[in-house]
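Residue numbers (my numbering), protein chains in the order written: chain A, 708 to 916; chain B, 51 to 414.
Where is the CB? At the ideal position from N, CA and C, for every residue including glycine.
Below is one structure, written out as structure tokens, with a few remarks after it.
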Amino acid sequence: MDVLWVWESQNLAQRTLEHLRMFGIALALSVVIGVLLGLYLYRRPKLAPIAFNVLNILETVPTLALLVLLLPLLGLGEKPTIAASVIYSILPIARNTYTGLTSVERSYIEVAEAIGLSEREILIKVRFPLALPLIAAGVRIAVVFTMGVVTLGGLIAAGGLGAPIQTGIHLYDRDIIVVTGLWVGLLALILDGVAALIERYLRGRYGRR
Amino acid sequence: MLFNRIDSIELRGVTKRYGDFVAVDHVDLEVIGGELLILIGPSGSGKTTLLRTINRLVEPDEGEVFINGRNVREFDVVKLRRSIGYVIQQIGLFPHMTVKENIALLMRLEGWDEEEMEKRVEELLDLVALPREFAERYPHHLSGGQQQRVGLARALALNPPLLLMDEPFGALDPILRRQLQEEFARIKAALGRTIVFVTHDIEEAFKLGDRIAIMRDGKLIQVGYPDELVLNPADEFVAKLVNADKKFKHLDTLKARDIMIDVEPYLVEAESVEAVLEWMRENDREFAVLTKNGALVGTVTLSSLLKAGTLEEAIDEPLRLSPDDSLASALSEMKAKGEFMALVVEGERPVGVLLASEVLLRLV
Ligand SMILES: Nc1ncnc2c1ncn2[C@@H]1O[C@H](COP(=O)(O)OP(=O)(O)OP(=O)(O)O)[C@@H](O)[C@H]1O
Ligand SMILES: [Mg+2]
């Protein structure tokens with residue numbers, strides 16, 4: 708098996724950059740939307756069950772089906788891929804944000820009220836920091852989801868590392884499939900590892916003891 | 051600050067119900083500006099509930115609370131609470147903030163500048179006898195007593211003229227509790243604030259209180275200066291509570307061994323400052339009795355260890371008693387030497403710690 712040949716001929720360096728770019732955009736959007744949604748639901752808890760039900764249903768749509776459903780709206784390529792990643796990733800991030808904010812130990816909130824923090828200040832100074840470890844755990848789940856969806860995006864011409872896998876399947880070239888597949892797997896492991904480290908740091912820094 | 055000084059706090063007919071249960075029952079009470087008023091009573095008698103009506107953590111169903119003649123309901127609740135320091139038993143330091151961040155939290159929210167905050171935090175750490183290096187530590191690296199001190203510093207941060215303290219020493223072991231009471235009694239005058247202080251320890255009440263208000267079943271039974279309560283108790287319940295003396299009626303026949311507390315939890319064999327500090331951290335103590343091969347060497351406190359270079363410098367020579375010393379003579383000796391604590395030894399072996407209580411000291 709000629710790793711170097713595959714790397715050169717399939718332009719894997721370039722593909723990796725494309726891949727990480729899509730991954731980065733998708734994850735950033737997911738974090739922003741997920742955290743904001745979690746915050747919003749914390750302010751309007753009556754809506755939470757409905758919102759989470761809807762997100763749960765979306766979660767059960769198979770990735771390929773979701774990509775296909777998005778095609779008429781967003782065309783081929785990056786856009787539907789990123790959109791699908793975000794749709795999957797909102798749930799774990801929003802749910803963990805919501806749970807994190809609502810499950811802060813009652814005694815801390817009571818003390819904060821007693822010494823004269825306003826509702827808003829309690830959210831910013833107490834609830835949010837104490838929810839960070841849980842939010843990070845949600846983001847970590849999203850990292851894995853996003854990696855998977857972005858790779859599948861190769862099927863709908865999104866570029867990235869899905870593209871060479873796609874080529875490999877067409878050409879029936881085992882080497883391309885295996886090398887690219889392993890590389891994607893390794894990248895996923897590394898990113899998850901980084902996310903795990905960040906989560907651990909936040910747990911140490913903001914976790915409850 | 052809504053007020054710079056407290057002239058009076060008046061509770062009029064304050065009542066709080068939880069369902070059919072009356073937690074506080076038509077309480078009329080005046081707190082005089084500048085005094086330390088104790089609220090004392092059995093568990094569930096409504097002390098905490100009553101205390102919390104002052105900063106509106108509890109809104110009474112009936113009755114009103116006035117500070118300097120103004121109904122507390124007229125005030126913005128956040129401003130009101132920032133003008134009132136609040137210290138509780140469970141301490142409630144925020145685990146994600148350092149000691150400094152905890153203390154400075156309200157200053158930051160009030161928009162103080164960095165330099166002012168820095169200065170004030172150091173001032174407060176000095177006041178509560180914590181080394182300044184502690185500013186950067188997280189609460190879980192501190193012992194219970196140290197956390198309690200930080201809690202007090204945080205309550206004092208904005209210099210509130212009124213302090214509410216709900217069993218601030220209640221969760222500490224008996225010796226540490228006495229240490230902190232001593233310290234608090236010392237800084238009380240320097241604080242010069244109006245304080246409402248909840249406890250169910252009558253000795254603490256006598257030690258720290260100017261006046262004492264006694265509660266039972268949600269009702270205020272009697273309020274007055276200690277001697278009034280002792281000389282003219284309103285009823286049998288008050289008499290029993292304040293006349294703990296009766297328990298010690300046979301003072302002459304009691305011996306040191308009868309009321310000493312077990313020394314075992316405080317015993318440590320160690321050769322270095324670090325080793326003792328480590329032991330204190332693990333066991334959450336601020337006081338230790340050092341021994342060598344079972345024989346008493348001396349006593350050390352956390353604060354003396356933190357100041358000392360070597361273990362020898364930190365060691366105090368405690369007053370020694372024998373288990374068969376009569377309580378009366380033991381107490382008069384302690385009183386004469388101004389010690390609140392003595393070690394009971396059998397030969398060279400420590401067997402107990404005798405804590406002089408206010409009640410006992412008044413008897414000799
Ligand atoms: N939020 C609440 N809901 C229902 N009952 C309550 C509530 N808060 C207090 N109580 C009840 O009111 C009574 C008085 O409570 P409170 O906490 O004021 O007593 P306390 O004198 O401070 O007791 P302790 O010494 O144990 O702290 C208790 O029986 C308690 O169970
Ligand atoms: Mg209480």
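Contact between the region 221-235 of chain B and the region 147-166 of chain B is defined here as three or more beta-carbon pairs at a separation below 8 Å; is this criterion met? no
As a quick exercise: from B:M51, B:L369, B:D57 and B:Y136, pick the residue whose alpha carbon is nearest that of B:I117. On the second sequence, residue 117 of chain B is found 67 positions in, with the first residue counted as 1. Ranking the options by Cα distance to B:I117, first place goes to B:D57.
Could you give the uninterrupted runs of the beta strand (DSSP E) lying entirely in the region 172-250 of chain B, keeping only those of 3 residues or more? 212-216 and 244-249
Proximity test, Cβ basis, 8 Å: A:V833 and chain B: By 1-based counting over the first sequence, the position of residue 833 of chain A is 126. Yes, its Cβ sits closer than 8 Å to a Cβ of chain B.
Kindly indicate which residue of A:L841, A:Y805 and A:T853 has the alpha-carbon position closest to the one of A:R907. Taking the first residue of the first sequence as position 1, residue 907 of chain A is located at position 200. Closest option to A:R907, Cα to Cα, is A:L841.
Chain A within 8 Å of B:Q197, Cβ atoms only: Locating residue 197 of chain B in the second sequence gives position 147, where the first residue counts as 1. Cβ-Cβ to chain A under 8 Å: no for B:Q197.
Show which residues of chain A have a CB atom less than 9 Å away from the CB atom of B:R418. Limits of chain B in this structure are 51 at one end and 414 at the other, which puts residue 418 of chain B out of reach.
For A:G823, which residues in the same chain have their Cβ closer than 7 Å to its Cβ, ignoring the five residues on either side in sequence? Here residue 823 of chain A refers to the residue found at position 116 of the first sequence. Nothing meets the Cβ criterion.
Output the boundary residues of the alpha helix (DSSP H) element that contains B:S354. Start at 1 with the first residue of the second sequence, and residue 354 of chain B comes out as number 304. From DSSP, the alpha helix (DSSP H) with B:S354 extends over L352 to K357.
With a threshold of 8 Å between beta carbons, is B:Y68 in contact with chain A? Your numbering for residue 68 of chain B matches position 18 in the second sequence. No, B:Y68 lies away from the interface with chain A (no Cβ there is under 8 Å from its Cβ).
Against chain B, does A:L837 count as a neighbour if the rule is that its beta carbon must be under 8 Å from one of theirs? Here residue 837 of chain A corresponds to residue number 130 of the first sequence, with the count starting at 1. So yes, A:L837 belongs to the interface.
Interface residues of chain A around B:L156 at Cβ under 7 Å? Locating residue 156 of chain B in the second sequence gives position 106, where the first residue counts as 1. Here the neighbours are I822 and G823.
Quick check on the contact list: which residues have their beta carbon closer than 7 Å to a heavy atom of ligand 2? B:K97, B:T98, B:D216, B:E217 and B:V248
Spatial neighbours of B:L130 within its chain, please: C-beta separation below 7 Å, excluding the five flanking residues on both sides. Numbered from its first residue, the second sequence carries residue 130 of chain B at position 80. Excluding positions up to five away in sequence, the list reads L52, N105, R106 and V122.
How would you list, in chain order, the residues of chain D whose beta-carbon sits under 9 Å from the beta-carbon of B:G142? Reference to chain D is not applicable here, since the protein chains of this structure are A and B.
Roughly how many angstroms lie between the CA atoms of B:G63 and B:V171, to the nearest whole one? In the second sequence, the residue the question calls residue 63 of chain B occupies position 13. In the second sequence, the residue the question calls residue 171 of chain B occupies position 121. In a straight line, the C-alpha of B:G63 is about 40 Å away from that of B:V171.
Using a Cβ cut-off of 8 Å (strictly closer), state whether A:R912 contacts chain B. As a working mapping, residue 912 of chain A is identified with position 205 in the first sequence. Closer than 8 Å: yes.
Cutting at 8 Å between CB atoms, please list the residues of its own chain near B:S95, excluding the five before and the five after it. One-based indexing of the second sequence puts residue 95 of chain B at position 45. Excluding residues within five positions, the ones whose Cβ falls inside 8 Å are M265, R266, D267 and G268.
Chain A beta carbons: is any one of them nearer than 8 Å to that of B:L107? If you number the second sequence from 1, residue 107 of chain B lands on position 57. Yes, B:L107 lies at the interface with chain A (some Cβ there is under 8 Å from its Cβ).
Report yes or no: is there a C-beta of chain A within less than 8 Å of the C-beta of B:Y9? Because chain B here runs from 51 to 414, residue 9 of chain B falls outside it and cannot be looked at.
I need the boundaries of the beta strand (DSSP E) containing B:Q272, first residue and last residue. Your numbering for residue 272 of chain B matches position 222 in the second sequence. Residues K269 to G274.
Hey, is B:A73 close to ligand 1, as in C-beta under 7 Å from one of its heavy atoms? Locating residue 73 of chain B in the second sequence gives position 23, where the first residue counts as 1. B:A73 Cβ: within cutoff of ligand 1.
Alpha carbon to alpha carbon, how far is A:S814 from B:H146? Taking the first residue of the first sequence as 1, we reach residue 814 of chain A at position 107. Taking the first residue of the second sequence as 1, we reach residue 146 of chain B at position 96. Looking at the two C-alpha atoms, the distance is approximately 14 Å.
Could I get the ranges of all uninterrupted alpha helix (DSSP H) runs contained in the region 837-881 of chain A, with 4 residues as the minimum, in chain order? 869-878
Closest by C-alpha distance to B:E314, when choosing among B:E389, B:D366, B:I225 and B:L208: Along the second sequence, one-based indexing puts residue 314 of chain B at 264. Closest by alpha carbon: B:I225.
Helix, strand or coil for B:V313 per DSSP? Here residue 313 of chain B corresponds to residue number 263 of the second sequence, with the count starting at 1. B:V313: coil per DSSP, three-state reduction.
Looking at ligand 1, does it come within less than 7 Å of B:G94, judged from the CB to the closest heavy atom? Translated into positions along the second sequence, residue 94 of chain B becomes position 44. Indeed, a heavy atom of ligand 1 lies less than 7 Å from the Cβ.
8 Å CB neighbourhood of B:L393 in its chain, flanking five on each side removed: As a position in the second sequence, residue 393 of chain B is number 343, starting the count at 1. Hits under 8 Å: V313, V339, L346, T349, P368, L369, R370, L371, P400, G402, V403 and L404.
Start and end of the alpha helix (DSSP H) containing B:F125? Position 75 of the second sequence, counted from the start, is the residue given in the question as residue 125 of chain B. Run containing B:F125: none; DSSP gives neither H nor E here.
At a CB-CB cut-off below 7 Å, which residues of chain B make contact with A:E828? On the first sequence, position 121 is the one that residue 828 of chain A refers to. Result: L159.
Closer than 9 Å by beta-carbon distance: list the chain A residues that pair up with B:R131, in chain order. As a working mapping, residue 131 of chain B is identified with position 81 in the second sequence. Result: E820, A821, I822, G823 and L824.
Check the Cβ of B:Y275 against every Cβ in chain A and list those closer than 8 Å, keeping chain order. On the second sequence, residue 275 of chain B is found 225 positions in, with the first residue counted as 1. Per Cβ cutoff of 8 Å: no residues; B:Y275 is ~29 Å from chain A at best.
Rounded Cβ spacing between B:P189 and B:L143 (contact assumed at less than 8 Å): As a position in the second sequence, residue 189 of chain B is number 139, starting the count at 1. As a position in the second sequence, residue 143 of chain B is number 93, starting the count at 1. So it is a contact: roughly 4 Å between Cβ atoms.
Partners in chain A for B:V115, counting only beta-carbon separations shorter than 7 Å: Your numbering for residue 115 of chain B matches position 65 in the second sequence. Within chain A, no residue comes near B:V115; the closest Cβ sits about 16 Å away, beyond 7 Å.
Should B:G119 be counted as a contact of ligand 1 given a C-beta to heavy atom distance under 7 Å? The residue given as residue 119 of chain B occupies position 69 in the second sequence. Checking every heavy atom of ligand 1 against the Cβ of B:G119, none is found closer than 7 Å.
Can you name, in chain order, every residue of its own chain whose Cβ lies under 7 Å from the Cβ of A:V850, other than the five neighbours on each side? Reading the first sequence from its first residue, position 143 is the one you call residue 850 of chain A. These residues qualify, in order along the chain: L734, L898, D899 and A902.
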